[in-house]
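Just below is one structure, and these are the notes that go with it.
2 protein chains.
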Amino acid sequence: MSETNRTFLLANRPEGRPDRDTFELVEREVPDPGPGEALVRTLYLSVDPYMRGRMDDAESYAEPWAVGEPLRAGVVGEVVESNGAGFEPGDVVAGDLEWADYATAPGTDLQPVDPDLAPVSTALGVLGMPGRTAYFGTREVAQPGPGDTFVVTGAAGAVGSVAGQIAGLSGARVVGFAGSDEKVAFLEDELGFDAGINYKDTDDYRGALDEAAPEGVDAYFDNVGGPITDAVFSKLNVDARVAVCGQISLYNATEMPTGPRKLPTLVQKRARVEGFLIGDFATRFEQATRRLGRWISEGKIQYRETVTEGLENAPDAFLGLFEGENIGKQLVKVGERDA
Amino acid sequence: MSETNRTFLLANRPEGRPDRDTFELVEREVPDPGPGEALVRTLYLSVDPYMRGRMDDAESYAEPWAVGEPLRAGVVGEVVESNGAGFEPGDVVAGDLEWADYATAPGTDLQPVDPDLAPVSTALGVLGMPGRTAYFGTREVAQPGPGDTFVVTGAAGAVGSVAGQIAGLSGARVVGFAGSDEKVAFLEDELGFDAGINYKDTDDYRGALDEAAPEGVDAYFDNVGGPITDAVFSKLNVDARVAVCGQISLYNATEMPTGPRKLPTLVQKRARVEGFLIGDFATRFEQATRRLGRWISEGKIQYRETVTEGLENAPDAFLGLFEGENIGKQLVKVGERDA
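Sequence order for the protein chains is A and B.
Note that our numbering numbers the first sequence so that position 172 is 192, with each residue one more than the last.
Note that our numbering numbers the second sequence so that position 182 is 202, with each residue one more than the last.
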């Protein structure tokens with residue numbers, strides 16, 4: 021166990037695509053927990069596409085990260101020391117902590133994780149923010165039902181893979197866009213999608229949808245944006261619902277991206293397009309986690325994790341998200357639980 | 021009274037902007053009403069922007085008009101002859117008829133118009149389809165409330181002028197875009213809008229909104245689309261609602277119009293964008309008409325009509341819609357009521 025605390029700082033604000041120089045690794049002392057705080061040793065940290073937005077100094081739903089300050093992340097860790105935080109050493113907790121070996125946080129900002137329920141890493145994936153995002157975005161915003169065709173982009177990712185399976189449980193035909201034949205096989209063979217489309221195999225997304233969604237699209241869960249989304253909009257049925265969760269294809273854009281105007285289509289189809297943020301459903305997180313946990317235990321929802329070993333490799337894990345290198349939830353494994 | 025029946029046919033499908041050659045005026049015999057039908061003499065006919073879409077042979081919510089066939093329109097007319105249609109000669113009715121002096125229709129397709137309630141022309145405007153469109157699009161889709169800022173484009177038109185006033189009755193600050201100083205004065209002085217913006221006076225729509233909507237935009241009723249809509253989207257507040265009613269700035273486009281991609285904004289703002297068609301609210305038309313009628317009689321809603329005289333000038337009245345020549349509802353006066 022390291023005695024120093026390796027911590028990644030935001031070295032500078034990236035223009036366009038970030039790279040290794042966006043990150044600076046420093047060694048600091050392990051911090052002492054203040055009153056009411058716990059010291060947490062990181063086991064897993066989560067890298068997520070939305071973090072790209074926090075690197076910019078732009079108005080958004082989340083505060084921008086400050087240059088020279090530690091990067092933050094969803095972390096699952098083990099309590100090392102509790103200064104009246106309401107936890108015992110050895111407890112496993114989840115929280116919004118740092119890209120670091122250790123971090124302190126008020127006990128009230130930490131959620132207990134039950135290691136007997138599921139692998140603790142799932143608290144950052146299918147039983148954490150991505151799973152809840154899929155749950156509410158599908159159920160409350162895209163609203164697929166029996167007889168509907170549901171399309172999801174980023175279908176093999178942490179959110180998309182769960183969204184598609186929930187749509188399937190809802191009785192819909194499920195079509196997913198993903199970026200490799202391996203991912204398409206994962207969708208069709210492991211997750212039970214009705215059809216997967218490898219978008220790197222074709223430019224004719226519309227033609228691919230004509231085949232995979234012959235009755236048009238009733239519900240669309242969009243993680244990607246751009247030309248694939250343009251094609252899906254051209255297939256929307258009357259009264260279609262579009263849940264806009266992410267737009268990863270645009271996150272590194274340095275100029276305002278343009279594309280075909282979509283509002284005329286919305287009138288013709290009386291379609292609804294709605295952006296959502298998972299934080300707006302905070303009062304119902306427990307419902308989502310309980311149901312997802314049950315579906316996993318019943319084998320109705322499958323999940324996969326892509327685990328990068330070592331805190332020092334966290335930037336590569338993050339950058340890989342924009343290359344589509346992960347299947348399922350991308351995690352960084354930083355430490356082992358004490359036996 | 022003419023003994024022949026002048027009728028406008030669709031001469032050809034326009035590429036881009038229609039012109040006089042799009043229309044062919046023919047003289048035919050006055051038709052005889054079949055069993056259950058009435059013969060109706062046109063008093064007013066309505067020209068509306070959505071008609072541009074019906075001139076194309078493209079899939080849309082309404083059947084394309086056939087080349088060589090009569091153009092159709094909302095008409096208020098007087099029953100000349102009833103062949104078991106359930107009306108008496110002299111009754112005033114409204115229906116979906118033709119650009120013609122006379123037309124026949126089944127009695128079940130005609131709605132009675134009470135000439136004592138309001139000028140019969142209002143059955144094509146504030147008490148007809150445009151008024152109902154404003155009512156449901158504002159109330160059910162854009163949903164302005166007290167403290168909200170509501171923006172409407174095409175604000176001096178048949179739909180926008182009513183939408184803005186309903187938003188005002190709902191307690192919102194009301195901002196309208198229109199295309200002349202005369203129209204802006206109409207909005208501010210006659211309709212009680214909080215601010216009008218003459219979009220032909222500026223290219224800096226965003227700057228104009230910074231002034232007119234300093235607290236951002238909570239509800240947007242869009243009749244126009246294009247760059248004004250881009251500016252409004254840049255001002256949307258969290259949880260904003262956008263009702264997409266029309267996109268007149270794009271109707272004559274010959275290539276797929278492009279513009280800045282808007283879905284990233286929707287995620288940041290958790291905004292909802294929804295297209296709607298008035299036909300989807302058909303079961304509640306009576307509610308809308310009753311309330312609009314009451315508001316007019318109470319002086320809470322003002323309306324204006326731009327009346328072009330003579331059936332032969334109907335094409336010019338229609339083409340003028342795309343030049344923004346009308347204030348309030350654009351009508352064509354075809355005949356007088358029999359005394």
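Glycine included, every Cβ here is placed at the ideal spot set by N, Cα and C.
Between which two residues does the alpha helix (DSSP H) harbouring residue i extend?
| i | result |
| --- | --- |
| B/D336 | A334 to L341 |
| A/F253 | P247 to F253 |
| A/V287 | L283 to K289 |
| A/A205 | D201 to A205 |
| A/G73 | M71 to R74 |
Are the CB atoms of residue i and residue j nearer to each other than 9 Å?
| i | j | result |
| --- | --- | --- |
| B/T62 | B/A120 | yes |
| A/N243 | A/F342 | no |
| B/G360 | B/Y219 | No statement about residue 360 of chain B is possible, as the shown extent of chain B runs from 21 to 359 and does not include it. |
| B/F197 | B/G174 | yes |
| B/L312 | B/S141 | no |
| B/V287 | A/F213 | no |
| A/P38 | A/R72 | yes |
| A/V67 | A/F338 | yes |
| B/A176 | B/V204 | yes |
| B/R261 | B/A291 | yes |
Tell me where the beta strand (DSSP E) around residue i begins and ends.
| i | result |
| --- | --- |
| A/G94 | R92 to S102 |
| A/Y240 | V237 to D242 |
| A/S181 | Not the beta strand (DSSP E): A/S181 falls in the alpha helix (DSSP H), residues A178 to L189. |
| B/Q350 | K349 to K353 |
| B/R26 | T24 to L30 |
| B/A260 | L256 to V264 |
| A/D116 | V112 to E118 |
| A/R37 | Looking at the DSSP string, A/R37 is not in any beta strand (DSSP E), and its letter there is neither H nor E. |
| B/G196 | R193 to A198 |
| B/P280 | T278 to P280 |
| B/R357 | Unbroken run through B/R357: none, as it is neither H nor E. |
| B/E108 | Looking at the DSSP string, B/E108 is not in any beta strand (DSSP E), and its letter there is neither H nor E. |
| B/V60 | E57 to S66 |
Please classify residue i as buried or exposed, where buried requires at least 16 other C-beta atoms within 10 Å of its C-beta.
| i | result |
| --- | --- |
| B/D52 | exposed |
| A/P335 | buried |
| A/E318 | exposed |
| A/E231 | exposed |
| B/G330 | exposed |
| A/M276 | exposed |
| B/D368 | The requested residue 368 of chain B does not occur in the structure, where chain B is confined to residues 21 to 359. |
| A/G88 | exposed |
| A/R40 | exposed |
| A/P166 | exposed |
| A/R314 | exposed |
| B/M21 | Confidence at B/M21 is low in this model, with a pLDDT of 46, below 50, so its placement is unreliable and the value that follows should be read with caution. Looking at its Cβ environment, which holds fewer than 16 other Cβ atoms inside 10 Å, B/M21 is exposed. |
| A/R152 | buried |
| B/N25 | buried |
What did DSSP end up calling residue i once you bin it into helix, strand or coil?
| i | result |
| --- | --- |
| A/G148 | coil |
| B/D129 | helix |
| A/T222 | coil |
| B/T303 | helix |
| B/R159 | helix |
| A/T326 | strand |
| A/G295 | strand |
| B/R314 | helix |
| B/V172 | strand |
| B/L137 | coil |
| A/I217 | strand |
| B/A82 | coil |
| A/V87 | coil |
| A/M21 | Note that A/M21 scores a pLDDT of 46, beneath 50, so its modelled location is shaky; the value from the coordinates is reported in the next line. Three-state DSSP puts A/M21 in coil, outside helix and strand. |
| A/T153 | helix |
| A/L211 | coil |
| B/T142 | helix |
| A/A233 | coil |
| A/T309 | helix |
| A/A228 | helix |
If residue i and residue j are in contact, beta carbons under 8 Å, what's the gap, nearest whole angstrom?
| i | j | result |
| --- | --- | --- |
| A/D116 | A/D136 | About 24 Å; that fails the 8 Å criterion. |
| B/V195 | B/A233 | 5 Å |
| B/G148 | B/G127 | Not confirmed; about 19 Å, so no contact. |
| B/L45 | B/E294 | About 39 Å; that fails the 8 Å criterion. |
| A/V360 | A/V113 | No answer is possible for residue 360 of chain A: the residues shown for chain A start at 21 and end at 359. |
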